[in-house]
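Q: Numbering-wise, our numbering puts 1345 at position 124 of the sequence shown, and it's gapless, one number per residue.
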Amino acid sequence: MPFQQLTYEFGTLLVAWEKEHIVYLDFGLNEERARTYLQKETDDGELPNAWRMAFDRYAVGDRQALDALPCQLRVTPFAEQVLHAIRTVPFGQTISYGELARMIGKPKAARAVGGALNRNPIALIYPCHRVIGATGKLTGFASGIAHKEALLAHEIGEN
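#1: Tell me whether VAL1303 is buried or exposed, calling it buried when 16 or more other Cβ atoms sit within 10 Å of its Cβ.
#2: According to DSSP, is PHE1224 helix, strand or coil?
#3: In three-state DSSP terms, what is GLY1232?
#4: Which class does TYR1245 belong to by DSSP, given the choice of helix, strand or coil?
#5: Between the Cα of PHE1276 and the Cα atoms of ARG1308, GLU1239 and GLY1232, which residue gives the shortest distance?
#6: Taking the alpha-carbon positions, what's the ILE1307 to GLY1319 distance?
#7: Determine the contact status of ALA1237 and TYR1229, defining contact as a CB-CB distance below 7 Å.
#8: If we count the other Cβ atoms within 10 Å of its Cβ and call it buried at 16 or more, is HIS1368 buried or exposed?
#9: With DSSP collapsed to three states, give me the class of VAL1296.
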């Protein structure tokens, strides 16, 4: 399965795809995590130019740049519901785990929402970095709070 690393001010992305769909996108250079998730060997590849341009446009602040990228989620139905809901949170804004749970009609499922976001296979496109704790504190981000801070700063134009 091909993958490519892309580096921007807000961090390095590792993108893997199969046929016509992005199936994995994570922050950092953790190929082993990608292989574990994908359960396949990954090889260096070259992203389709339109996809690369979409990431480049996001990097310079285009709020809709990632909206049309083709993705294929391989998650549980609950996680899929959570991930689709998080895509409705506007660029540069945040929502709490509890608010997201209420949004999907499961008001007592804040922890389960957090678990689903922790296993998000296509970060950034499914923007789990926009989810914060009930007190407004930045919490829980698989790639580290520093990445979450950098992405939110990028989206509100602070970098």
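All C-beta atoms in this analysis are idealised placements derived from N, C-alpha and C, irrespective of residue type, glycine included.
A: Reading it off the structure:
#1: buried
#2: strand
#3: Three-state result, GLY1232: strand.
#4: strand
#5: GLY1232
#6: 12 Å
#7: No.
#8: buried
#9: In this structure, VAL1296 counts as coil in the three-state DSSP scheme.
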